[in-house]
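Chemist: Can you keep this structure in mind? I'll have questions shortly.
Protein chains in written order, with this note's numbering: chain W, 53 to 212; chain U, 12 to 373; chain Z, 4 to 376.
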């Protein structure tokens, strides 16, 4: 007789747990406010990434097309997988001395692992994180970027 | 009757007379068959697509997502786009597969489900085949589908498929019993196997209300067993995505896969429609008491709306099962059937027979 | 069923199935070679190495700062503890004492990571068993934690945030308020997990008495983390060898004695509550101060051998380094938790069904890149 009651109480308990589970899913079905989906391409205008978001490495330029990079090559040395190449050239400055300035700061986005060592170690804070994240392109070569803009010069206050 | 304005039999009768006026009786039969066939083909395809869309939306809302919302307003054309994609895909036949059986299997599955749809009473007079053994016919036809699944698993020359097919075989053979026995409960109540008679017998109240607790138990068992029979979660052992990748239809692609997919949804519709017809009064409106104001208002809702409303309610419950519960293991599945559902069902039928004998139901 | 299979296949022929490398429930490129007798698993041979990247060898050509970003990519769900292990090793070797602020933040990040990792595990484990909705609920709540990470250091998965000497940059000012918002949110949502899955009769039937691991097994196979604690093996590094701020927080080491799949599940669920407890204690006690100590640009460890272990979400991660006094380590070795946890699967799954194998491998919470390194 005891086994008989156990049989039914087992069924009862089992059904109760199943109904409890269905209570959750059914509850969410009638709560459309809880939907977390972001409608991505439509919300582009309002979608703002966090200001420390690691989108890509950029070199900020001011209005006079001036940057802070001295071409010292510390970022190149610190990069674990060779995503940064720096080409420098000699140039005579206003005082007639030959100085080394950056010719091309080449950044391979396709190889970057976003470890942040280049930005952390840069002695003159020339590079920083950009917040763009739509990096998809049709040609791999487009992922190789030259960070300093053509014709840009170094800011005066930065010591080489 | 109050709802005779929605009676379709006069409409079908007028078509019959119109056709009889222009051609011989043999041609009338042929053209009517073609007409009904075309209508059902359209109905089948459209309903299948709608159900796939519905399932995706329902599961998305349950999971705090939006689901398809890109193709068309609210994404309603998503499944049509998917169908077009599936039509364009290559039909892949793997090496050493039994080609004839491999090609045959999806057709058996889809034909089985389509044949059963024909026997459903959608409204008064809207009924393709009204057998006097309608319930029996539906049971017989739906169990044909497992042959297709077994063939698909066997002929695919894939180990995963074979495992899935074997599971499906064991599952359907055992759950067929529960489906049959829970239908038997209503057959005892109404005293007929004809689906239209069963629906008419619920004019003064649905069997789930009239039949007291035994009818409710039958309804629950029918829901569980029918979910198992349609290979849907939590009984989707034949597919078992996380165990067997896709089970019996692992090797199918393109439109053949779509056939299996459609058949699954149509079987779900069939199960829900049968539950509606047998337990929830088919196309009968909801009535409380006799001749009240409420009943008259209910009568103005067309029977087709009643039928589909109830069916979609049952479909929602079946979907909720799938998206809530973990999958059963194969031995637990058989334990559930043979140790729980079947004994309860047998006892329930004896109880119902007793109820009917004493005339204690309404 | 078993006898019949023998008759058909003969004594030495087995029904062999390759589960993986592409399979929904191996969570990556892991391959199980299964011998089946009908539905019953006769033997499991795990094959790993499909995602071997040679991280240990790569470490020999990278400075200690650069190694950090490689450790992210081992166990990508507990990137913080991985980073912390190397950082602690370097700090220990150089005898650097990091500021209090760093210690507290490191502990909090580890616990946030553990929460996120356990949530993802819960999500995937439910999906392994066929409860597809758990996946989205788990990920929905994990998203809140990832948002905290993203705001503070810009990335959601591979952080490279903890570095030798401290942190890469200071935490975001919003960090505190966000964690404070997260705690009540999780306290509200975690009981739903129990209601949806833990109590469910199908789930308990599927997981109880499946894949029983004894304490002796756990010790001899080196099973650590929640999987080992489910068998009563007290192996929590946070308790045994407290690092960072774990010595001053109050938390329980969850131990279960059953050793089955359900016990391993239960340990992780309860650990989530413990993590919340730790976060609650620390969130108001982040001291002011520097986020890093001044390190030399090139770190050279003194000659010798060093070992440091931390507790990741999956078990004990040990880092062993041999230095010859150069800026690159001479040899780096990671004792990753998943590699040890994987190979007991043969013992656990024998005699169970395929469905149980999926449940067992899910309950071990394997992250494949951590196995292959």
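Note that beta-carbon positions come from the ideal geometry of N, C-alpha and C, so glycine has one too.
(1) Go through its chain and collect everything with a Cβ distance to residue 64 (chain W)'s Cβ below 8 angstroms, but skip five positions before and after it.
(2) Whose Cβ in chain W lies nearer than 9 angstroms to the Cβ of residue 168 (chain U)?
(3) Could you tell me which residues DSSP puts in a beta bridge with residue 22 (chain Z)?
(4) To the nearest whole angstrom, what separates the beta carbons of residue 292 (chain Z) and residue 104 (chain Z), a pair I think is in contact under 8 angstroms?
(5) Looking only at DSSP bridge pairs, what is residue 49 (chain Z) linked to?
(6) Taking buried to mean at least 16 other C-beta atoms within 10 Å of its own C-beta, is residue 337 (chain U) buried or exposed?
(7) Is residue 134 (chain U) helix, strand or coil by DSSP?
(8) I think residue 207 (chain U) touches residue 141 (chain U), with their Cβ atoms under 8 angstroms apart; what is that distance to the nearest whole Å?
(9) Residue 13 (chain Z): buried (16+ other C-beta within 10 angstroms of its C-beta) or exposed?
(10) Could you name the residues of the same chain whose beta carbon sits closer than 7 angstroms to that of residue 225 (chain Z), not counting the 5 residues immediately before and after it, in chain order?
(11) Got a sec, what are the start and stop residues for the alpha helix (DSSP H) residue 59 (chain Z) sits in?
(12) Quick one: measure Cβ to Cβ for residue 134 (chain U) and residue 318 (chain U), integer angstroms, because I've assumed they're closer than 8 angstroms.
(13) So what does DSSP say about residue 136 (chain Z), is it helix, strand or coil?
(14) How would you call residue 92 (chain W), buried or exposed, if buried means at least 16 neighbouring beta carbons within 10 angstroms?
(15) Using the three-state DSSP reduction, which class does residue 74 (chain U) fall into: helix, strand or coil?
(16) Is there a Cβ of chain W sitting closer than 9 angstroms to that of residue 74 (chain U), yes or no?
(17) Measure the beta-carbon distance from residue 356 (chain U) to residue 225 (chain U) and round it to whole angstroms, keeping in mind my assumption that it falls under 8 angstroms.
(18) If you scan the region 296-328 of chain Z from start to end, which runs of the beta strand (DSSP E) of 3 or more residues do you find wholly inside it?
(19) Which of the three DSSP states is assigned to residue 236 (chain Z) in this structure?
(20) Going along chain U in order, which residues have a C-beta closer than 7 angstroms to the C-beta of residue 264 (chain Z)?
(21) Any Cβ of chain W within less than 9 angstroms of the Cβ of residue 69 (chain Z)?
(22) Tell me where the beta strand (DSSP E) around residue 155 (chain W) begins and ends.
(23) Determine the chain Z residues that contact residue 253 (chain U) at a beta-carbon separation under 7 angstroms, and present them in chain order.
(24) Which same chain residues, not among the five before or five after residue 84 (chain W), have their C-beta less than 8 angstroms away from its C-beta?
(25) Can you pull the DSSP bridge partners for residue 70 (chain W)?
(26) For the region 96-109 of chain W, list every residue whose C-beta sits within 7 angstroms of some C-beta in chain Z, in sequence order.
(27) Using a Cβ-Cβ cutoff of less than 6 angstroms, which residues in the same chain neighbour residue 163 (chain W) once the five nearest sequence positions on both sides are dropped?
(28) When you check each C-beta in the region 331-354 of chain U against every C-beta of chain W, which residues fall closer than 7 angstroms?
(29) Quick one: is residue 197 (chain W) near chain Z, going by C-beta distance under 9 angstroms?
(30) Throw me the rounded Cβ distance for the residue 140 (chain W) and residue 155 (chain W) pair, which I believe falls under 8 angstroms.
(31) For residue 49 (chain Z) and residue 349 (chain Z), I'd like the C-alpha separation in whole angstroms.
(32) Suppose the cutoff is 7 angstroms on Cβ atoms and the five residues either side in sequence are ignored; what does the same chain contact list for residue 193 (chain U) look like?
(33) Under 7 angstroms Cβ to Cβ from residue 192 (chain W), same chain only, skipping five residues before and after it: list those, please.
(34) I'd like to confirm the pairing. Which residues does DSSP put opposite residue 181 (chain W) in its beta bridges?
(35) Between the C-alpha atoms of residue 271 (chain U) and residue 160 (chain U), what's the straight-line distance to the nearest angstrom?
(36) Using DSSP with H/G/I as helix, E/B as strand and the rest coil, what is residue 298 (chain U)?
Modeler: According to the structure shown:
(1) Start at 1 with the first residue of the first chain, and residue 64 (chain W) comes out as number 12. Hits under 8 angstroms: none found.
(2) Here residue 168 (chain U) refers to the residue found at position 157 of the second chain. Under the 9 angstroms cutoff, chain W gives no residues; its nearest Cβ is about 38 angstroms from residue 168 (chain U).
(3) In the third chain, the residue the question calls residue 22 (chain Z) occupies position 19. Per DSSP, Z:35.
(4) Taking the first residue of the third chain as position 1, residue 292 (chain Z) is located at position 289. Taking the first residue of the third chain as position 1, residue 104 (chain Z) is located at position 101. Yes, residue 292 (chain Z) and residue 104 (chain Z) are in contact; Cβ-Cβ is about 4 angstroms, under 8 angstroms.
(5) As a working mapping, residue 49 (chain Z) is identified with position 46 in the third chain. Paired residues: Z:35.
(6) Mapped onto the second chain, residue 337 (chain U) falls at position 326. Buried, because 16 or more other Cβ atoms sit within 10 Å of the Cβ of residue 337 (chain U).
(7) The sequence position of residue 134 (chain U) within the second chain is 123, counting from 1. Looking at residue 134 (chain U) - three-state DSSP - the assignment turns out to be strand.
(8) For the purposes of this step, residue 207 (chain U) is identified with residue 196 of the second chain, where counting begins at 1. For the purposes of this step, residue 141 (chain U) is identified with residue 130 of the second chain, where counting begins at 1. About 5 angstroms; that satisfies the 8 angstroms criterion.
(9) In the third chain, residue 13 (chain Z) corresponds to position 10, counting from 1. Here residue 13 (chain Z) scores only 48 on pLDDT, less than 50, and its place in the model is too uncertain to base an answer on.
(10) Indexing the third chain from 1 puts residue 225 (chain Z) at position 222. Cβ neighbours of residue 225 (chain Z) beyond the five flanking positions: 343.
(11) For this step, residue 59 (chain Z) is matched to residue 56 along the third chain. It spans 58-62 - the alpha helix (DSSP H) in which residue 59 (chain Z) sits, taken as one unbroken run.
(12) Counted from its first residue, the second chain places residue 134 (chain U) at position 123. Counted from its first residue, the second chain places residue 318 (chain U) at position 307. Confirmed, Cβ separation roughly 6 angstroms.
(13) Taking the third chain and counting its residues from 1, the one referred to as residue 136 (chain Z) is at position 133. Reduced to three states, the DSSP call for residue 136 (chain Z) is helix.
(14) In the first chain, counting from the first residue as 1, residue 92 (chain W) sits at position 40. It is exposed - the Cβ of residue 92 (chain W) has fewer than 16 other Cβ atoms within 10 Å.
(15) Position 63 of the second chain, counted from the start, is the residue given in the question as residue 74 (chain U). The answer is coil: DSSP assigns residue 74 (chain U) none of H, G, I, E or B.
(16) Stepping through the second chain from its first residue, residue 74 (chain U) is reached at position 63. Yes, because at least one Cβ of chain W sits closer than 9 angstroms to the Cβ of residue 74 (chain U).
(17) On the second chain, position 345 is the one that residue 356 (chain U) refers to. On the second chain, position 214 is the one that residue 225 (chain U) refers to. Going by Cβ atoms, the distance from residue 356 (chain U) to residue 225 (chain U) rounds to 10 angstroms, so no, they are not a contact pair.
(18) 307-315, 318-326
(19) For the purposes of this step, residue 236 (chain Z) is taken as the residue at position 233 of the third chain. Correct three-state label for residue 236 (chain Z): coil.
(20) The sequence position of residue 264 (chain Z) within the third chain is 261, counting from 1. Within 7 angstroms Cβ-Cβ: nothing; residue 264 (chain Z) doesn't reach chain U, min ~12 angstroms.
(21) Walking along the third chain from the start, residue 69 (chain Z) turns up at place 66. By this cut-off, residue 69 (chain Z) is an interface position.
(22) Walking along the first chain from the start, residue 155 (chain W) turns up at place 103. Counting along the chain, the beta strand (DSSP E) containing residue 155 (chain W) begins and ends at 150-160.
(23) Indexing the second chain from 1 puts residue 253 (chain U) at position 242. Going along chain Z in sequence order, the residues near residue 253 (chain U) (Cβ under 7 angstroms) are 27, 28, 130, 131, 133, 361.
(24) In the first chain, residue 84 (chain W) corresponds to position 32, counting from 1. For residue 84 (chain W), where only same-chain residues beyond five positions count, there are no Cβ hits under 8 angstroms.
(25) Here the question's residue 70 (chain W) lines up with position 18 in the first chain. For residue 70 (chain W), which the question treats as bridged, DSSP gives no partner whatsoever.
(26) 102, 104, 105, 106
(27) Counting from one through the first chain, the residue named residue 163 (chain W) turns up at place 111. Result list for residue 163 (chain W): 133, 135, in chain order.
(28) 331, 334, 335, 336, 351
(29) Within the first chain, the letter at position 145 stands for residue 197 (chain W). Cβ-Cβ to chain Z under 9 angstroms: no for residue 197 (chain W).
(30) Along the first chain, read from residue 1 onward, the residue named residue 140 (chain W) stands at position 88. Along the first chain, read from residue 1 onward, the residue named residue 155 (chain W) stands at position 103. Their Cβ separation, rounded to whole angstroms, is 6 angstroms, which keeps residue 140 (chain W) and residue 155 (chain W) in contact under 8 angstroms.
(31) Here residue 49 (chain Z) is taken as the residue at index 46 of the third chain, counted from 1. Here residue 349 (chain Z) is taken as the residue at index 346 of the third chain, counted from 1. For residue 49 (chain Z) and residue 349 (chain Z), the distance between alpha carbons rounds to 8 angstroms.
(32) Here residue 193 (chain U) refers to the residue found at position 182 when the second chain is read from its first residue. 229, 232, 233, 236, 356.
(33) Along the first chain, one-based indexing puts residue 192 (chain W) at 140. Excluding residues within five positions, the ones whose Cβ falls inside 7 angstroms are 162.
(34) In the first chain, residue 181 (chain W) corresponds to position 129, counting from 1. In DSSP, residue 181 (chain W) forms a bridge with W:109.
(35) Reading the second chain from its first residue, position 260 is the one you call residue 271 (chain U). Reading the second chain from its first residue, position 149 is the one you call residue 160 (chain U). Whole-angstrom Cα-Cα distance: 9 angstroms.
(36) In the second chain, the residue the question calls residue 298 (chain U) occupies position 287. Coil at residue 298 (chain U), not helix or strand.
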